[in-house]
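Asks: Numbering (the working numbering), first residue to last: 18 to 253.
Cβ coordinates follow ideal geometry from the N, Cα and C atoms, glycine included.
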Amino acid sequence: MDESEWESERVLNSNGDLKKGLKIVGKELTHVPEKLFSRNDCVSLDLSNNELTDLPEEMEKMKSLEQLNISNNKFEKIPTVVGDLDNLRVLNVSGNMIKDLPRDIIYLRKLEDILMDDNQIAKFPEILFQSNVTDIYLRRNKLTEVPAGVGKIQNLRVLVVSDNEISALPEELVACDDLKEIWATRNQISILPPKFVTRLRNLKKLVLDENPLPDDLKAAVEAGIPAIRKYEAEQS
18 MDESEWESER
28 VLNSNGDLKK
38 GLKIVGKELT
48 HVPEKLFSRN
58 DCVSLDLSNN
68 ELTDLPEEME
78 KMKSLEQLNI
88 SNNKFEKIPT
98 VVGDLDNLRV
108 LNVSGNMIKD
118 LPRDIIYLRK
128 LEDILMDDNQ
138 IAKFPEILFQ
148 SNVTDIYLRR
158 NKLTEVPAGV
168 GKIQNLRVLV
178 VSDNEISALP
188 EELVACDDLK
198 EIWATRNQIS
208 ILPPKFVTRL
218 RNLKKLVLDE
228 NPLPDDLKAA
238 VEAGIPAIRK
248 YEAEQS
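Have a look at this one:
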């Protein structure tokens, strides 16, 4: 593949400086071009909408990489080399056939946003309990629960688990002091833990559309956070 087909862009790095990004999108790639590995000043790489099944180990040379988008490819697992990208802050693996996260993810201590929508994940990835992630996206997977261990993700700010088969949100989420948004539309949630929203003092948004909530709770959720807190006070 000729480099003339690569699209350059300018993106902000973690320091707020404009740096180089590359997009090789929708080119039916089955392997990553070797010339790419010399771009060690690249902070953002978008390889979405291709035919990739793996990433080569040589990619570890891209030490400046902060954002990696490999969504809508043919990955059955996250490539091992991703765990060597020490400066990665954003990882998008949506639209693949991934069933779980590898343990190597734990080495990405700067990772903040992980997008895993539209995969085949049936169990919430427990490796994230030991991570520093802030935003987790798991829409349209095969989840049946959000485990109690999610309360160990101390930096969690946004949790998106819409379009699964989740029957409840765990009470342990109240330990996530920075949690601001929970999106869990189109699940099987019928009840919230006691004083759930009241104890989540920084929560700004709870979206539970198309869940089998009782009418009074549904009305409170639709009205917003203050209404939910009032509802919870009335239940005590």
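(1) Between the alpha carbons of Lys-44 and Asp-180, how many angstroms are there, rounded?
(2) Any idea what DSSP makes of Gln-84, helix, strand or coil?
(3) Give me whichever residues DSSP pairs with Cys-193 in a beta bridge.
(4) Going by Cα to Cα distance, which pick from Ala-185, Thr-151 and Ser-61 is closest to Leu-29?
(5) Quick check on this structure: which residue in Glu-93, Glu-83 and Asp-101 has the alpha carbon closest to the alpha carbon of Glu-74?
(6) Would you kindly report the start and end of the unbroken alpha helix (DSSP H) that includes Leu-118?
(7) Kindly indicate the opening and closing residues of the beta strand (DSSP E) around Leu-39.
(8) What does the Cβ neighbour count give for Arg-126, buried or exposed, with the cut at 16 atoms within 10 Å?
(9) Which whole-angstrom value describes the C-beta separation of Ile-183 and Thr-202, a residue pair presumed to lie in contact below a C-beta threshold of 8 Å?
(10) Please look up how many angstroms separate the CB atoms of Leu-82 and Cys-59, rounded, as I've assumed it's under 8 Å.
(11) Using CA atoms only, rank isn't needed, just tell me which of Met-79, Ile-87 and Ser-25 is closest to Thr-47.
(12) Should Lys-116 and Phe-146 be called a contact, given that it needs their Cβ atoms to be closer than 7 Å?
(13) Quickly, what does DSSP pair Glu-24 with across the bridge? List them, please.
(14) Using only alpha-carbon positions, find the residue among Leu-234, Pro-187 and Met-79 that is nearest to Arg-56.
(15) For Leu-173, which three-state DSSP category applies?
(16) Roughly how many angstroms lie between the CA atoms of Lys-197 and Arg-174, to the nearest whole one?
(17) Report all residues from its chain with a CB closer than 8 Å to the CB of Asn-90; omit the five preceding and five following residues, and keep chain order.
(18) Write down the C-beta distance between Ile-206 and Ala-240 rounded to the nearest angstrom, noting that I regard them as a contact closer than 8 Å.
(19) Tell whether a beta-carbon distance below 7 Å holds between Val-107 and Ile-95.
(20) Can you list, in chain order, the residues of its chain with a C-beta nearer than 8 Å to that of Phe-92? Leave out the 5 residues immediately preceding and following it.
(21) Check whether the Cβ atoms of Glu-333 and Pro-164 sit closer than 7 Å, and answer yes or no.
Replies: Here's the rundown:
(1) Taking the first residue of the sequence shown as 1, we reach residue 44 at position 27. Taking the first residue of the sequence shown as 1, we reach residue 180 at position 163. The straight-line gap from Cα to Cα measures roughly 30 Å.
(2) Translated into the one-based positions of the sequence shown, residue 84 becomes position 67. Gln-84 carries a strand assignment under DSSP once its states are collapsed to helix, strand and coil.
(3) Residue numbering aside, residue 193 sits at position 176 when the sequence shown is read from its first letter. As DSSP reads the structure, Cys-193 sits in no beta bridge.
(4) Reading the sequence shown from its first residue, position 12 is the one you call residue 29. Of the candidates Ala-185, Thr-151 and Ser-61, the one whose C-alpha sits nearest the C-alpha of Leu-29 is Ser-61.
(5) On the sequence shown, residue 74 is found 57 positions in, with the first residue counted as 1. Of the residues Glu-93, Glu-83 and Asp-101, the one whose Cα lies closest to the Cα of Glu-74 is Asp-101.
(6) Counting from one through the sequence shown, the residue named residue 118 turns up at place 101. First-last for Leu-118: undefined, no H or E at that position.
(7) Here the question's residue 39 lines up with position 22 in the sequence shown. In the DSSP assignment, Leu-39 falls within the beta strand (DSSP E) that extends over 35 to 40.
(8) Working through the sequence shown from its first residue, we reach residue 126 at position 109. Per the 10 Å Cβ criterion, exposed.
(9) Position 166 of the sequence shown, counted from the start, is the residue given in the question as residue 183. Position 185 of the sequence shown, counted from the start, is the residue given in the question as residue 202. Not confirmed; about 11 Å, so no contact.
(10) As a working note, residue 82 is residue 65 in the sequence shown. As a working note, residue 59 is residue 42 in the sequence shown. Yes, Leu-82 and Cys-59 are in contact; Cβ-Cβ is about 6 Å, under 8 Å.
(11) As a first step, residue 47 must be located in the sequence shown, where it is residue number 30. Of the listed residues, the one whose Cα sits closest to Thr-47 is Ile-87.
(12) Within the sequence shown, the letter at position 99 stands for residue 116. Within the sequence shown, the letter at position 129 stands for residue 146. Result no, Cβ atoms of Lys-116 and Phe-146 do not sit closer than 7 Å.
(13) What you label residue 24 is simply residue 7 of the sequence shown in a count that begins at 1. DSSP lists Lys-40 as partners of Glu-24.
(14) Working through the sequence shown from its first residue, we reach residue 56 at position 39. For Arg-56, the closest C-alpha among the options Leu-234, Pro-187 and Met-79 is that of Met-79.
(15) Residue 173 sits at position 156 when you count from the first residue of the sequence shown. Leu-173 carries a coil assignment under DSSP once its states are collapsed to helix, strand and coil.
(16) Locating residue 197 in the sequence shown gives position 180, where the first residue counts as 1. Locating residue 174 in the sequence shown gives position 157, where the first residue counts as 1. One alpha carbon belongs to Lys-197, the other to Arg-174, and they sit about 5 Å apart.
(17) For the purposes of this step, residue 90 is identified with residue 73 of the sequence shown, where counting begins at 1. Closer than 8 Å at the Cβ level, and outside the excluded window around Asn-90, lie Leu-64, Ser-65, Asn-66, Asn-67, Glu-68, Leu-69, Thr-70, Gly-112 and Asn-113.
(18) Counting from one through the sequence shown, the residue named residue 206 turns up at place 189. Counting from one through the sequence shown, the residue named residue 240 turns up at place 223. Their Cβ separation, rounded to whole angstroms, is 17 Å, which puts Ile-206 and Ala-240 out of contact at 8 Å.
(19) As a position in the sequence shown, residue 107 is number 90, starting the count at 1. As a position in the sequence shown, residue 95 is number 78, starting the count at 1. No.
(20) If you number the sequence shown from 1, residue 92 lands on position 75. Exclusion of the five residues before and after Phe-92 leaves Leu-69, Thr-70, Asp-71, Val-110, Asn-113, Met-114 and Ile-115 as the residues of its chain whose Cβ lies within less than 8 Å of its Cβ.
(21) Nothing in the structure corresponds to residue 333, since the chain is present only between 18 and 253.
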